[in-house]
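Have a look at the structure below before the remarks.
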Amino acid sequence: MTLDAKIPDGDLEHKWTKYRSTIPLINPANKRNLEVIVVGSGLAGSSAAASLAEMGYKVKVFCFQDSARRAHSIAAQGGINAAKNYQNDGDSVYRLFYDTVKGGDYRSREANVYRLAEVSANIIDQCVAQGVPFAREYGGYLSNRSFGGVQVQRTFYAAGQTGQQLLLGAYSALMRQTGMGTVQMYARHEMLDIVVIDGKCRGIIARDLISGQLERHFGHAVLLCSGGYGNVFYLSTNAMGSNVTAAWKANKRGAFFANPCFTQIHPTCIPVTGEHQSKLTLMSESLRNDGRIWVPKQKDDPRKPNNIPEEERDYYLERRYPAFGNLVPRDVASRAAKERCDAGFGVGTSKMAVYLDFRFNRKRYGHLEANKQGNHHPTDEEVWKLGKDVITEKYGNLFDMYKQITGEDPYEQPMRIYPAVHYTMGGLWVDYNLMTTIPGLYALGEANFSDHGANRLGASALMQGLADGYFVIPYTIGAYLSQEIRTKAIPTDSEAFATAEQNVNETIKHFLDLKGKLPVDHFHRELGKIMWNKCGMARNEAGLKEAITEIRNLREEFWKDVRVPGAANEFNPELEKAGRVADFFELSELMCMDALHRNESCGAHFREEYQTADGEALRDDANFSYVAAWENKGNNTYEMHKEDLKFENIKIAQRSYK
Amino acid sequence: MLSGAISNRLGVLVLLIISYILNSMNLTLKIWRQQNRTAKGGFKTYKVSDVSPDMSFLEMIDVLNDKLIREGEDPVAFDHDCREGICGMCSMYINGRPHGPGKGITTCQLHMRSFQDGDHITIEPWRAAPFPVIKDLAVDRSAFDRIMQAGGFISVNTGNAQEANNILIPKEEADHAFSAAACIGCGACVAVCKNASAMLFVSAKVSQLAQLPQGQVEAKERVLQMVAQMDAEGFGSCSNTYACEAECPKLISCDNIARMNREYLKSSLT
Ligand SMILES: Cc1cc2nc3c(=O)[nH]c(=O)nc-3n(C[C@H](O)[C@H](O)[C@H](O)COP(=O)(O)OP(=O)(O)OC[C@H]3O[C@@H](n4cnc5c(N)ncnc54)[C@H](O)[C@@H]3O)c2cc1C
Ligand code: FES
């Protein structure tokens, strides 16, 4: 099978505008008969569902949390990018497009990324209209800050709670439609399979998590907006419930999974403290605007950080990457931290941490504030105090969070941080319309692979989720649904639905009958260790091969010895977890296979065998300039299909941030 | 050099283990167990040992559940997701306080260093008629969604928005709106209120939108509809004890309630 990305003809700047106005329209009466299922209520799902309902489609939305508002988008902190050029610093649609393709280390699709950059400005307009309280300047205008991998200020934010405010905006639009009856909301429901009839996706099987009942739902189209799979590593900045199940079931039914090994390790997270650790907490990239990263020049320096003099500190990012300094992209910053710690310069009890220090900028802000207040000769104390107020306003909630978790006060001493799993660039393969390889099945947001190549730039996931939901799918779904106006709703007592439900039922029964000895978390934690050690920040051939064997063995043990308490027909969180971990066990093997086959380093995928003399990622464009899309052939076997990437508008170069 | 590095790592490990043993706590937990919505519930007592002060409260419950599962018992069901104080899902009533001791934090942000070796801790679900128990410590808060459906939005369709900077908003107003919008919808305000009032939750949304020019067009209908739905869900009235503000993990201010009352009065009079 050849993969057709269905990229419209024409030059880059006009592709989307032209294509958008040629997609067939559907009259309102027909729209009312067309049913769309949306799995997920994060930024991608809520924005898509609300927009489609406004347009007149009949929409059903599913999420596993108790309310749509709790999808993990709520936790995004730092901000959302848009090419508004409000700062007059030379930003443009082209520059956002260019930064994103370069940041992704030339492994994303030009046409998709350009469209993303094009609609980015509309997203901000839409959110402001909904009442999203973005940060503002004294003149009443919207405020911006910088994120990694770019040299302009294009990030819009609401303190350290940007995801929360954007999601509550999309959620309010969704609730408005739910109140009007155009959306039916199914919270505390988990999708456990998709239903494919005559080659097209026609619905889902979902479990009501309170009663435990399985339900069948028909849809003319199904949108998977189910988020990322970072939790395959057990420890990550994702929520406890984040999982791959929806995307994985789709893969098993024929949707190809693209670039599964591209996972983002975020450089600034609070370090692990012990075996009990259940998740890791991010300290937003926006902190790198005002924080400087360093380690002591002396190994095992016993002094407190504040007592280490300036000349004995190694600001290694500024040293290695003078042009971008602390604002290099995430993959680069993470590897640099790992390099210092592996070399023995780490700090803290575990020695697996580096410092993120705010005192320079605190002082700088203190002086600025004092000047603003007309105090041109402030004392050190006044400067220190005024600087704190500025830092609090920008990052208050992050500083509080840090203090809660570590018991240390980051206003007085530098934060200790270390890289952690954060985001997955890989996901379901989609074409320009966001359709997977199963007709009628779409993937939006973090669940698809489309825009970030081998490394995502900060503040671009929120942008992509909302672009997909508000501005792309409302148009592109028309290309498919306009052909479906004659399809009557398929009764859910048909054979395909019955068989799918039967399969789900059997898996549940199997888990409950197993009566093994060990809890699901035990297996998940062990799987996470394998993945972190051998398919994490750095990978090599031998390690990946070992990982595959270890995963297989552990998976076998899991299916023999896992203990799932309780019953099927009740609220049973352990049963939910078991199903998710079972899917992680399959995905993890594929991730290692993907990492093993890609004999190059690119973006977040760092194969130790392929690096430059100074330790940077060494791409092999001649052989690996493609998307690897994996078809599931059953029994943990896969066939790889390639989508070749063509760069017609950007000159490919060795990525340099020096 | 290599052996130096190894002995160094070993030293670190030994230190870690010693500090762990010195700091670890043993606790007695009294937890509300209830099989489902209609079943009769009751307290059960459990012991957990080797609790590290670095654990979060929910990680301590994970340790208990791990033990219960291995022993063939039914683990304690509870709601949680983000574990960083923002999704609003976790909801435990700890020693008579929603989200336990500590100001401005959720249950998942509570760390065991707030407790001491030998402590007895009582853990209950939110108790409020509009929040029926689903199982053990998990409750049904869908009433909050229905209140939002009644009017917690600005009626703008996708694609209708004007250029963002055409709407200028003074920084101070934007900051006030943001403070109200920080509500995570956890329901602690309802749980702590003797009348199970949802005024803090509802007023936070009403006042966020009423303070922004975009939200003023529908301000009247919004407050009337949201309050009507709040009453229909069976939430009680506010008797100004400010317990909600004191226990809110996001420190949402009762000034929002005063503002909502003003908005309500204005809207019912005209
Ligand atoms: C801590 C943190 C901070 C971040 N900060 C930023 C930032 O500052 N800027 C930025 O751009 N990006 C940031 N990101 C990334 C960004 O938040 C996410 O990539 C994005 O929000 C994902 O949105 P989504 O809609 O695709 O998925 P999610 O918001 O994860 O939503 C997934 C939805 O799918 C549902 N679901 C999943 N599986 C099932 C199933 N089987 N059945 C039913 N429902 C299901 C869930 O209930 C949920 O509603 C951050 C991420 C994290 C973890
Ligand atoms: S689990 Fe999200 S707020 Fe506690």
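Residue numbers (this note's numbering), protein chains in the order written: chain A, 252 to 909; chain B, 255 to 524.
By construction, the Cβ of each residue, glycine as well, lies at the ideal position given by its N, Cα and C atoms.
Quick one: is the Cβ of residue i within less than 7 Å of any heavy atom of ligand 1?
i, result
"residue 506 of chain B", "no"
"residue 578 of chain A", "no"
"residue 315 of chain A", "yes"
"residue 290 of chain A", "yes"
"residue 709 of chain A", "yes"
What residues from chain A crowd round residue i, counting only those whose CB sits closer than 8 Å?
i, result
"residue 412 of chain B", "298, 301, 302, 305, 377, 424, 721, 722, 725"
"residue 365 of chain B", "655, 656, 658"
"residue 343 of chain B", "316, 317, 321"
"residue 324 of chain B", "768, 769, 770, 814"
"residue 290 of chain B", "821, 822"
Look up residue i in the DSSP assignment and give the residues it is bridged to.
i, result
"residue 451 of chain B", "B:490"
"residue 510 of chain A", "Partner(s): none; residue 510 of chain A has no beta bridge."
"residue 880 of chain A", "A:509, A:892"
"residue 543 of chain A", "A:608"
"residue 533 of chain A", "A:520"
"residue 281 of chain B", "B:302"
"residue 467 of chain A", "A:456"
Under 8 Å between beta-carbons, which chain B residues line up against residue i? List them in chain order, please.
i, result
"residue 529 of chain A", "310, 312, 313, 316, 337"
"residue 429 of chain A", "399, 403"
"residue 847 of chain A", "Under the 8 Å cutoff, chain B gives no residues; its nearest Cβ is about 28 Å from residue 847 of chain A."
"residue 492 of chain A", "335"
What in chain B is Cβ-close to residue i, meaning under 7 Å?
i, result
"residue 461 of chain A", "388"
"residue 415 of chain A", "340"
"residue 393 of chain A", "418, 419"
"residue 381 of chain A", "408, 410"
"residue 534 of chain A", "Correct list: empty, because the minimum Cβ distance to chain B is about 11 Å."
"residue 433 of chain A", "Those do not exist, as residue 433 of chain A stays about 12 Å from chain B at its closest Cβ, beyond 7 Å."
"residue 553 of chain A", "Near residue 553 of chain A there are no residues of chain B at all, since even the closest Cβ is about 13 Å away, more than 7 Å."
Which residues in chain B have a C-beta closer than 9 Å to the C-beta of residue i? List them in chain order.
i, result
"residue 518 of chain A", "Simply none; closest approach about 18 Å."
"residue 268 of chain A", "Correct list: empty, because the minimum Cβ distance to chain B is about 14 Å."
"residue 524 of chain A", "306, 308, 309"
"residue 283 of chain A", "By Cβ distance, chain B contributes nothing, its closest Cβ being about 17 Å from residue 283 of chain A, past 9 Å."
So, are the CB atoms of residue i and residue j less than 8 Å apart?
i, j, result
"residue 324 of chain A", "residue 854 of chain A", "no"
"residue 605 of chain A", "residue 591 of chain A", "yes"
"residue 403 of chain A", "residue 346 of chain A", "yes"
"residue 544 of chain A", "residue 566 of chain A", "yes"
"residue 444 of chain B", "residue 434 of chain B", "no"
"residue 329 of chain A", "residue 478 of chain A", "no"
"residue 653 of chain A", "residue 603 of chain A", "no"
"residue 413 of chain A", "residue 332 of chain A", "no"
"residue 641 of chain A", "residue 597 of chain A", "no"
"residue 395 of chain B", "residue 317 of chain A", "yes"
"residue 693 of chain A", "residue 656 of chain A", "no"
"residue 709 of chain A", "residue 608 of chain A", "no"
"residue 878 of chain A", "residue 813 of chain A", "no"
With a threshold of 7 Å (Cβ to nearest heavy atom), would residue i be considered close to ligand 2?
i, result
"residue 438 of chain B", "yes"
"residue 651 of chain A", "no"
"residue 340 of chain B", "yes"
"residue 343 of chain B", "yes"
"residue 361 of chain B", "yes"
"residue 336 of chain B", "yes"
Show which residues of chain A have a CB atom less than 7 Å away from the CB atom of residue i.
i, result
"residue 385 of chain B", "Correct list: empty, because the minimum Cβ distance to chain A is about 11 Å."
"residue 423 of chain B", "387, 391"
At 9 Å on the CB atoms, spell out the chain A contacts of residue i, in chain order.
i, result
"residue 353 of chain B", "The contacting residues do not exist; residue 353 of chain B stays about 12 Å from chain A at best."
"residue 525 of chain B", "Only positions 255 to 524 of chain B appear in this structure, which leaves residue 525 of chain B out of reach."
"residue 329 of chain B", "770, 816, 817, 824, 825"
Which bits of chain D does residue i rub up against, with CB to CB less than 7 Å?
i, result
"residue 498 of chain A", "Considering every chain present, this structure includes no chain D. Its protein chains are A and B."
**Asked** Given a limit of 7 Å on CB to CB distance, which residues of the stretch 309 to 335 of chain A reach chain B?
**Response** 316, 317, 318, 320, 321, 323, 325, 326
**Asked** For the stretch 425 to 444 of chain B, which residues have a CB atom closer than 7 Å to at least one CB atom of chain A, in sequence order?
**Response** 425, 428, 431, 432, 435, 436, 439
**Message:** Closer than 8 Å between beta carbons: that is the criterion. Which residues of the stretch 441 to 471 of chain B meet it against chain A?
**Reply:** 462, 463, 466, 468, 469
**Item:** Positions along the stretch 811 to 828 of chain A whose CB lies within less than 7 Å of some CB in chain B
**Value:** 814, 816, 817, 821, 822, 824, 825
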